[in-house]
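Asks: Numbered per numbering that gives the first Met the number 0, the sequence shown spans residues 0 to 485.
Quick reminder that beta carbons are idealized off the backbone N, C-alpha and C, glycines included.
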Amino acid sequence: MSTAPLIGSGARLAQALGGSAAGFAGRIALPGEAGYDRSRWVWRDHVHCRPAAIASATGAADVRAAVLAARDLGEPFAVRATGHGQLVPFTGGLLLNTSAMSHVRVDPARSMARVGCGARLRRVIEAALPFGLAPISGSSPWVGAAGYTLGGGTGLLARKYGFAADSLLGGELVTADGRITVFGPGDDPDLLWALRGGGGNFGVVTSLDIRLHPVGEVYSGSLALPISRAAELIAFYRDWVSGQPDELVSSLVVVTMPDAPDVPDRMRGRRVVVVRATYLGPARTGEGMLTPFRRGFGRPLLGGFRAMDYAAKALIGPPRSFRQARDHVALLPAFPDAVLDALVAAADSALPLLELRHWGGATTRVSPEESPVGHRDVVFSVTAEAPIGSVAAESDLVALADRLRPHSTGRSFLNFLNDASGVENAYQRKTYRRLRELKLVHDPENFFRFMPNIRPSCTATQADVVDRLIDATRPDGRCSPNNSSS
């Protein structure tokens with residue numbers, strides 16, 4: 000296939016951004032040039048990303064210039080900060096790299112931070128901890144704070160303080176027509192609502208104001224227990240979590256231990272049940288809560304719990320993983336015996352990883368009027384992985400999904416999607432309708448679409464018409480004039 004059109008597009012974009020009138024002060028990279036491959040890297044190897052040009056921005060003015068250049072030339076446009084959230088293939092067009100916009104400024108008096116759109120969560124955590132504060136953050140501190148927050152965001156503090164999106168206070172955004180605007184409770188509250196879980200569909204968020212939460216010593220760790228006790232452990236865990244406070248976050252993982260340097264020789268390749276837990280409070284209280292696992296299922300094979308400062312827990316996590324796997328996530332509003340039976344069967348299967356995570360707490364106490372993040376009735380999630388190419392594991396993954404389907408919500412969270420096709424399932428029906436109406440207001444041409452895309456409503460008044468028009472849009476996601484009734 001000839002690359003001439005891509006080179007031509009890249010040259011035109013570079014010329015448009017390079018002129019003094021454009022006001023672009025960042026770097027431009029074309030295919031084959033220094034920095035191009037590094038700037039287009041995405042976490043999922045199977046997601047092809049080869050833009051015609053990459054614009055690395057240093058601030059909101061650069062973002063504005065990039066948006067206008069792509070619009071004026073009719074080129075596709077996508078945004079990348081760390082590369083972890085890229086789900087949609089992107090070939091040709093302009094890729095905006097925001098990784099240099101990584102500033103973090105903490106205001107301890109107001110318990111908030113202003114965070115650049117290119118900052119990783121690790122940077123936010125490190126800036127906030129000296130003040131005894133922390134953001135909502137997930138299992139890896141290396142992901143981008145903006146994508147994580149705008150997509151919902153769960154983690155260590157979520158049961159206590161809600162999703163990361165619930166802690167979004169405001170920020171700055173570049174619109175599809177190149178305006179730099181602010182959003183917040185007093186500045187476009189509808190846009191603030193949409194961004195609390197609507198992802199990057201409404202513009203390029205150049206900075207976020209996020210609420211920080213008090214943290215201190217935690218009691219945390221993990222225990223590896225014999226796989227022979229899997230059925231007892233899963234059943235006990237189901238009942239045990241129901242009486243625990245919001246300060247306790249936990250999960251139960253069935254895993255085949257990897258052949259890795261930090262794993263003892265005797266444990267490599269061994270299948271175990273791992274109980275992971277963190278109590279946001281005094282060690283004495285946390286120790287009492289976790290005693291049943293330390294003493295009730297035999298001598299642990301590995302691990303333990305101990306008091307530590309919050310940083311020791313929140314900053315743990317690999318910078319990246321290249322493991323290619325299919326996964327399935329089931330969200331459960333309840334945990335009947337049929338789910339228990341399915342998990343016990345999956346524990347004795349070819350699946351290398353099976354995680355049961357406890358949800359609830361503060362995430363359930365935020366109304367749809369405050370945030371579009373959906374499915375707040377979820378009590379547990381089940382995540383299973385199967386390496387691509389492993390016939391046995393992929394077969395077991397399908398079998399588990401089939402057994403869980405009658406008991407799950409059939410929905411997902413935006414940050415849990417494996418591809419962009421299931422975005423509608425991330426929201427309640429009424430919420431999704433409102434998001435589409437706001438998309439029509441802020442991005443009627445669907446310029447921002449290379450992501451889990453919320454397409455603009457073809458009419459903002461009739462819900463039934465909206466539903467009929469979902470499948471009557473052009474391939475780029477814009478409404479067909481012949482089908483719109485507005």
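Run the CB neighbour count on F182, radius 10 Å, all protein chains shown included, and call it buried at 16 or more, exposed below.
Replies: F182 comes out buried.
Asks: According to DSSP, is F304 part of a helix, a strand, or is it coil?
Replies: If DSSP states are grouped into helix, strand and coil, F304 belongs with the strands.
Asks: So what does DSSP say about Q461, is it helix, strand or coil?
Replies: Confidence at Q461 is low in this model, with a pLDDT of 42, below 50, so the placement of that residue should be treated as unreliable; the coordinate-derived value is given next. Reduced to three states, the DSSP call for Q461 is coil.
Asks: Our contact map puts V114 next to S206 with C-beta atoms below 8 Å; I'd like the distance itself, whole angstroms only.
Replies: At roughly 6 Å, the Cβ-Cβ gap stays under 8 Å, so V114 and S206 are in contact.
Asks: Smallest Cα separation from L300: which of A324, E74, I226 and Q243?
Replies: Of the listed residues, the one whose Cα sits closest to L300 is I226.
Asks: Going by C-alpha to C-alpha distance, which of P140, W239 and I179 sits closest to R489?
Replies: Because the chain spans 0 through 485 in this model, residue 489 falls outside it and cannot be assessed.
Asks: Would you be able to state if there are at least three C-beta pairs under 8 Å between the stretch 287–295 and the stretch 98–117?
Replies: No, the stretch 98–117 does not touch the stretch 287–295.
Asks: In terms of residues, what are the limits of the beta strand (DSSP E) holding R104?
Replies: From DSSP, the beta strand (DSSP E) with R104 extends over V103 to D106.
Asks: If we count the other Cβ atoms within 10 Å of its Cβ and call it buried at 16 or more, is T153 buried or exposed?
Replies: With 16 or more other Cβ atoms within 10 Å, it is buried.
Asks: From the DSSP output, in three-state form, read off S411 for me.
Replies: If DSSP states are grouped into helix, strand and coil, S411 belongs with coil.
Asks: Check the DSSP bridge columns for D326 and list the partner residues they point to.
Replies: BP columns for D326 point to E384.
Asks: Taking the alpha-carbon positions, what's the A282 to G177 distance?
Replies: Approximately 51 Å between the Cα atoms of the pair.
Asks: Between the beta-carbon of L95 and the beta-carbon of A65, is there less than 8 Å?
Replies: Against a cut-off of 8 Å, the Cβ pair of A65 and L95 comes out as a contact.
Asks: Quick one: residues in its chain with C-beta nearer than 6 Å to the C-beta of D165, no 5 flanking neighbours on either side, listed in chain order?
Replies: V365 and S370.
Asks: Would you call the stretch 203–219 and the stretch 156–172 in contact, with 3 or more CB pairs under 8 Å?
Replies: A contact exists between the stretch 203–219 and the stretch 156–172.
Asks: Here's the rule: buried if 16 or more other CB atoms are within 10 angstroms of the residue's CB, otherwise exposed. What is P351?
Replies: With 16 or more Cβ atoms within 10 Å of its Cβ, P351 is classed as buried.
Asks: Go ahead and pull the three-state DSSP assignment for A15.
Replies: If DSSP states are grouped into helix, strand and coil, A15 belongs with the helices.
Asks: Measure the CB-CB distance between A337 and H406 and report whether it falls below 8 Å.
Replies: Cβ atoms of A337 and H406: closer than 8 Å.
Asks: Alpha carbons only, please: which of L342, L232, G268 and S348 is nearest the one belonging to R293?
Replies: Looking at the Cα atoms, L232 is the closest of the given residues.
Asks: Can you tell me which of the three DSSP states V142 falls into?
Replies: Reduced to three states, the DSSP call for V142 is coil.
Asks: What did DSSP end up calling T363 once you bin it into helix, strand or coil?
Replies: Three-state DSSP puts T363 in a helix.
Asks: Measure the CB-CB distance between F334 and V378 and report whether it falls below 8 Å.
Replies: Yes; because the gap between Cβ atoms is below 8 Å, this pair is in contact.
Asks: Restricting to runs no shorter than 3 residues, where is the beta strand (DSSP E) found entirely within the stretch 150–177?
Replies: You should have 167–173.
Asks: Helix, strand or coil for G421 per DSSP?
Replies: In this structure, G421 counts as helix in the three-state DSSP scheme.
Asks: For S241 and H327, what's the separation of their Cα atoms in angstroms?
Replies: When rounded, the distance between both Cα atoms is 24 Å.
Asks: By how many angstroms is the C-alpha of N417 removed from the C-alpha of P386?
Replies: About 14 Å.
Asks: Between which two residues does the alpha helix (DSSP H) containing S249 stretch?
Replies: It is not in any alpha helix (DSSP H) - S249 instead sits in the beta strand (DSSP E) that spans L247 to T255.
Asks: Hey, R49 and T90 are a contact pair by Cβ (cut 8 Å); roughly how many whole angstroms apart?
Replies: Right, their Cβ atoms sit about 5 Å apart.
Asks: Output the boundary residues of the beta strand (DSSP E) element that contains R275.
Replies: It spans R270 to Y278 - the beta strand (DSSP E) in which R275 sits, taken as one unbroken run.
Asks: Determine the burial state of S420: buried for a count of at least 16 other Cβ atoms within 10 Å of its Cβ, exposed for fewer.
Replies: So S420 counts as exposed.
Asks: Return the residue from the list D340, D347, P367 and G25 that minimises the CA-CA distance to L191.
Replies: For the residues D340, D347, P367 and G25, the minimum Cα distance to L191 belongs to P367.
Asks: Along the chain, where does the alpha helix (DSSP H) that runs through V62 open and close?
Replies: Per DSSP, V62 belongs to the alpha helix (DSSP H) from A59 to L72.
Asks: CB-CB under 7 Å to G131, same chain, minus the five flanking residues each way: which ones, in chain order?
Replies: Cβ neighbours of G131 beyond the five flanking positions: P213, V214 and G215.
Asks: Taking the Cβ atom as the reference point for each residue, do G25 and A56 lie within a distance shorter than 8 Å?
Replies: Their beta carbons are under 8 Å apart, which means G25 touches A56 by this criterion.
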